[in-house]
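Report on one structure; see the data block that follows.
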Amino acid sequence: MKLSQYFVPTLKEEPSEAMVPSHKLMLRAGLIRQVSAGVFSWLPLGFRVLNKVINILREEMNAIGGQEFLLPALNPIEIWEQTGRVDAMGDVMFHIKNREGLVLAPTHEEIITYHARQHIQSYKDLPQIWYQIQTKFRNEPRPKSGVLRCRQFIMKDSYSLDLSWEGLDISYNKHLEAYKKIFTRCKLNFFIVGASSGAMGGSKSQEFMVESNAGEDVCAIAPSGYAANLEVATSSLPPVGRKEPSLQLEKFPTPNAKTIDDLINQFGFIENELAKSVVYIINSEPVLILMRGNDELNETKLQSAFGTNKFRPATPEELFEITGANAGSIGPINLKTKIKIVADNLLKDANGLVSGANEDGYHYKNIDFLRDCHIDAYYDLRTVREGEPCPINGSPIKIVKAIELGHIFKLGTKYSESLGANFLDNEGNEHPIIMGSYGIGVERIIACFIEQNHDEKGIIWDYPLTPFDIHLISVNIKTELIRNESEEIYQILIKNGYEVLYDDRDETPGVKFNDADLIGIPIQIIIGEKNIKNGFVEIKFRRTQQRELIRKEKLIEHLKHIIPSQPPNFQ
RNA sequence: CGGGGCGUAGCGCAGGUGGCUAGCGCGUCUGUUUUGGGAGCAGAAGGUCGCAGGUUCAAGUCCUGCCGCCCCGACCA
């Protein structure tokens, strides 16, 4: 491809709206342009990269027996009502305004299950792995960070249909391995974490993560190999436990203590002796939740403990009405109204605790959960913190920000049951199909790669994602010798099967070198007058900025050693 | 949805206490000289100042409403 005729609008200056490196560079290198918040066009150079990623996805999905579909983005709303996901998705789903009964699909479990219901009737039809690479629509409240969070984006989504839970395990593991191969082939540094299934339903789920400050997810990782999304992460911190003897319950004035830190500073308590109380309205019922000291309540854990996402913190007015005190003086004893009380596992059967007296300006000390109040249930509700011992071998946990690249779920029968997708077993009994669902954010692969591979000059591509194999640069196209030699080398490279971006523009060397470094193709071949007169061309490696001179006639042979050949396509 | 910032040429920005013909840098076009790290000179084109309404002799500038974009938070398979 000759750059003089190729639409690659590079930017010398940083676009003001972009904050994260990948977003800035994708705009500057002419890969994408924004059309609206969370909506992007892919320009020719970027689309080449996108297609390289898509090829890898296709090859690896085909390799595990996946069959490629293309499902519609426009969906009848009825099918979403049948699975109860119109409510579950809420505002995230786009609804068509001028045609009744249509929505834009944010994911495709419903459509897949619809087709399975139509045509999967016997155990002989199973298992199946169905996938597609297609555009999803989600009405994100706040798109951000370029293509990392968009209202319209491309997803590789696949769905497994099995006749048994063992079959689901096999399909799930096939995807696990395929995803590892995909991200490894894309040369990403990634890790896998245990994750929450959230509104998807289902049992097990894992996420593929790339550590990045641009990420919106937070993960706990440890040297032992422990890795979990903070939403579900646990540690092996010892519980508070009991002290003997259990001292007498005592109310004491705390007029200037509103927070846990106030109590520590003014009265010399240690953090672990304190029991913090928060009140949530869960399924319209108030619940008092006790946490150790300054531990943070994890709402995802709360969701799984209570099996609902219909909860919210109580308002200050509700708080006073329910407990008889304002925030800062609330506790499990002497509550004005009788409500359910739950506590974090670390406080199980503990004593010697300090908590609010449900009377402004007073606390109790020496609280014994077995003696002084009734705890209805204990759950793991706390958010793990940096440095805590990991559950595998106690090695210290590190908290990192990460970008979610992919997510794999064991769905089970939620969708097959609600849509009636059943099959007959070999004894003629009907069962719901057992499903899994597996997604990869296609654009995120590209953004993550750039997050991990750039410097102050621009992107540093690597094979196989690079938009071209070689960036050929003629230093002065107006010189006849250079023009002729460059054209000849361009043709030779193409004949040898290389994808070449040839900068044949009449620009100064500085412009060409800077654009080449910004675009970031791994190998630049530079044709300059002095070198070519002596029969040499110059090879420059983008990543290291190393240069070497090669005799022109040995160029192709040399390139065979430094450019990896592409693996044969799977069929 | 709450808080903050911004909207002026293709891009990055100034002007903002109302007052000459709305500017600067980059880019673009023409000519010319240049050619190994974002060239020099000379000339030129390019604007409903986000939209609508209002105040005024006069609005890019003041007022009201709306729209859009970015950031923080909330939210989020």
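Residue numbers (this note's numbering): 1 to 571. We put the beta carbon where it would ideally sit given N, CA and C, even for glycine. Here the structure is a predicted model, which means the values were calculated and not measured.
Suppose contacts are defined by Cβ-Cβ distances below 9 Å. Is residue 433 in contact with residue 422 by that definition?
The count along the first sequence starts at 1 and reaches residue 433 at position 433. The count along the first sequence starts at 1 and reaches residue 422 at position 422. Against a cut-off of 9 Å, the Cβ pair of residue 422 and residue 433 comes out as a contact.
Determine, using beta carbons only, whether residue 159 and residue 412 come nearer to each other than 9 Å.
Position 159 of the first sequence, counted from the first residue, corresponds to residue 159. Position 412 of the first sequence, counted from the first residue, corresponds to residue 412. In this structure, residue 412 does not lie closer than 9 Å to residue 159 by Cβ.
Take the Cβ of residue 477 as the centre, count every other Cβ of all protein chains shown within 10 Å, and call the residue buried at 16 or more, exposed below.
Here residue 477 refers to the residue found at position 477 of the first sequence. Buried: at least 16 other Cβ atoms inside 10 Å.
Which two residues bound the contiguous alpha helix (DSSP H) that contains residue 82?
Translated into positions along the first sequence, residue 82 becomes position 82. Residue 82 -> alpha helix (DSSP H) spans 77 to 82.
Let me make sure I understand the geometry here. Which of 449, 127, 148 and 113 has the alpha-carbon closest to that of residue 162?
The sequence position of residue 162 within the first sequence is 162, counting from 1. Among 449, 127, 148 and 113, the Cα nearest to that of residue 162 belongs to 127.
Contacts around residue 568, its chain only, beta-carbon distance under 6 Å, and the 5 residues preceding and following it disregarded:
Reading the first sequence from its first residue, position 568 is the one you call residue 568. Low confidence applies here, because residue 568 scores a pLDDT of 49, under 50, leaving its location unreliable; read the following figure in that light. For residue 568, where only same-chain residues beyond five positions count, there are no Cβ hits under 6 Å.
Going by the beta-carbon positions, is the gap between residue 302 and residue 282 smaller than 9 Å?
For this step, residue 302 is matched to residue 302 along the first sequence. For this step, residue 282 is matched to residue 282 along the first sequence. Closer than 9 Å, so yes.
Neighbourhood of residue 227 by C-beta distance below 6 Å, restricted to the same chain and skipping five residues each side:
Locating residue 227 in the first sequence gives position 227, where the first residue counts as 1. Excluding sequence neighbours, residue 227 sits near 191, 193 and 221.
Buried or exposed for residue 404, please, with buried defined as at least 16 other CB atoms from any protein chain shown within 10 angstroms of its CB.
Against the first sequence, residue 404 aligns to sequence position 404. Label assigned to residue 404: buried.
Going by other Cβ atoms of all chains shown within 10 Å of its Cβ, with 16 needed for buried, is residue 237 buried or exposed?
Counted from its first residue, the first sequence places residue 237 at position 237. When all chains shown are included, residue 237 counts as buried.
Per-residue DSSP class, three states only, for residue 167
Residue numbering aside, residue 167 sits at position 167 when the first sequence is read from its first letter. DSSP places residue 167 in helix when its eight states are reduced to three.
For residue 226, does the three-state DSSP call read helix, strand or coil?
Here residue 226 refers to the residue found at position 226 when the first sequence is read from its first residue. Coil at residue 226, not helix or strand.
Give the secondary structure of residue 402 by DSSP, where H, G and I count as helix, E and B as strand, and everything else as coil.
On the first sequence, residue 402 is found 402 positions in, with the first residue counted as 1. Looking at residue 402 - three-state DSSP - the assignment turns out to be strand.
Return the residue from the list 506, 487, 219 and 187 that minimises the CA-CA distance to residue 385.
One-based indexing of the first sequence puts residue 385 at position 385. Closest by alpha carbon: 219.
Please report the Cβ distance between residue 548 and residue 539, rounded to the nearest whole angstrom; I am assuming they are in contact, meaning their Cβ atoms lie under 8 Å.
As a first step, residue 548 must be located in the first sequence, where it is residue number 548. As a first step, residue 539 must be located in the first sequence, where it is residue number 539. Right, the Cβ-Cβ distance comes to about 5 Å (below 8 Å), so this counts as a contact.
Sort 528, 532, 518 and 541 by Cα distance to residue 14 and report the nearest one.
By one-based count along the first sequence, residue 14 stands at place 14. Out of 528, 532, 518 and 541, 518 has the C-alpha closest to the C-alpha of residue 14.
Give me the Cα-Cα distance between residue 110 and residue 265, rounded to the nearest whole angstrom.
Within the first sequence, the letter at position 110 stands for residue 110. Within the first sequence, the letter at position 265 stands for residue 265. So the alpha carbons of these two residues sit roughly 55 Å apart.
So, under 8 Å CB-CB, residue 462 and residue 187 are touching, yes? Tell me the CB distance rounded to an integer number of Å.
Stepping through the first sequence from its first residue, residue 462 is reached at position 462. Stepping through the first sequence from its first residue, residue 187 is reached at position 187. About 5 Å separates the two Cβ atoms, so the contact holds.
Between which residues of its own chain and residue 56 is the CB-CB distance below 8 Å, once the five residues before and five after are set aside?
Here the question's residue 56 lines up with position 56 in the first sequence. If we look at residue 56 and ignore the five residues flanking it on each side, its Cβ neighbours are 182, 185, 186 and 464.
According to DSSP, residues forming a beta bridge with residue 147
Residue mapping note: residue 147 aligns to position 147 of the first sequence, counting from 1. Paired residue(s): none; residue 147 is not in a bridge.
Restricting to Cα atoms, I'd like to know which of 326, 99, 267 and 103 is closest to residue 91.
In the first sequence, residue 91 corresponds to position 91, counting from 1. When only C-alpha atoms are compared, the closest one is 103.
Nearest-angstrom Cα separation, counted from residue 101 out to residue 444
As a position in the first sequence, residue 444 is number 444, starting the count at 1. As a position in the first sequence, residue 101 is number 101, starting the count at 1. For residue 444 and residue 101, the distance between alpha carbons rounds to 31 Å.
From residue 558 to residue 23, what does the alpha carbon distance come to, in whole angstroms?
Position 558 of the first sequence holds residue 558. Position 23 of the first sequence holds residue 23. Cα-Cα distance, rounded: 35 Å.
Quick check on residue 93: does DSSP put it in helix, strand or coil?
Here residue 93 refers to the residue found at position 93 when the first sequence is read from its first residue. Residue 93 falls in the coil class under three-state DSSP.
Compute the distance between the beta-carbons of residue 174 and residue 129, then report whether it is under 9 Å.
Along the first sequence, one-based indexing puts residue 174 at 174. Along the first sequence, one-based indexing puts residue 129 at 129. Contact: yes.
Which runs of the beta strand (DSSP E), 3 residues or longer, sit entirely within the segment 281 to 310?
285 to 292
Classify residue 572 as buried or exposed, calling it buried when 16 or more other Cβ atoms lie within 10 Å of its own Cβ.
As displayed, the chain neither begins before 1 nor continues past 571, which places residue 572 out of reach and without an answer.
Who are the near neighbours of residue 483 in its chain, counting only those whose CB is closer than 6 Å to its CB and skipping five residues on each side?
As a position in the first sequence, residue 483 is number 483, starting the count at 1. Correct list, in chain order: 477.
Check this for me: beta carbons of residue 492 and residue 556, under 9 Å apart or not?
Residue 492 sits at position 492 when you count from the first residue of the first sequence. Residue 556 sits at position 556 when you count from the first residue of the first sequence. Contact: yes.
Anyone know if the C-beta pair for residue 151 and residue 257 falls short of 9 Å?
If you number the first sequence from 1, residue 151 lands on position 151. If you number the first sequence from 1, residue 257 lands on position 257. Result no, Cβ atoms of residue 151 and residue 257 do not sit closer than 9 Å.
Jot down the residue ranges of each uninterrupted alpha helix (DSSP H) in the segment 313 to 343, minimum 4 residues, whole runs only, in chain order.
316 to 323
With a cut-off of 8 Å, do at least 3 Cβ pairs link the segment 393 to 402 to the segment 246 to 254?
no
So what does DSSP say about residue 510, is it helix, strand or coil?
For the purposes of this step, residue 510 is taken as the residue at position 510 of the first sequence. Reduced to three states, the DSSP call for residue 510 is helix.
Residue(s) in a DSSP beta bridge with residue 502:
Within the first sequence, residue 502 is the residue found at index 502, counting from 1. Answer by DSSP bridge pairing, in chain order: 2 and 472.
Use the C-beta contact count for residue 223: other C-beta atoms within 10 angstroms, 16 or more gives buried, fewer gives exposed.
For this step, residue 223 is matched to residue 223 along the first sequence. Result: exposed.
Given a cut-off of 9 Å on the beta-carbon distance, is the pair residue 294 and residue 262 in contact?
Counting from 1 along the first sequence, the entry for residue 294 is found at position 294. Counting from 1 along the first sequence, the entry for residue 262 is found at position 262. It is not a contact, given that the beta carbons lie outside the stated cut-off.
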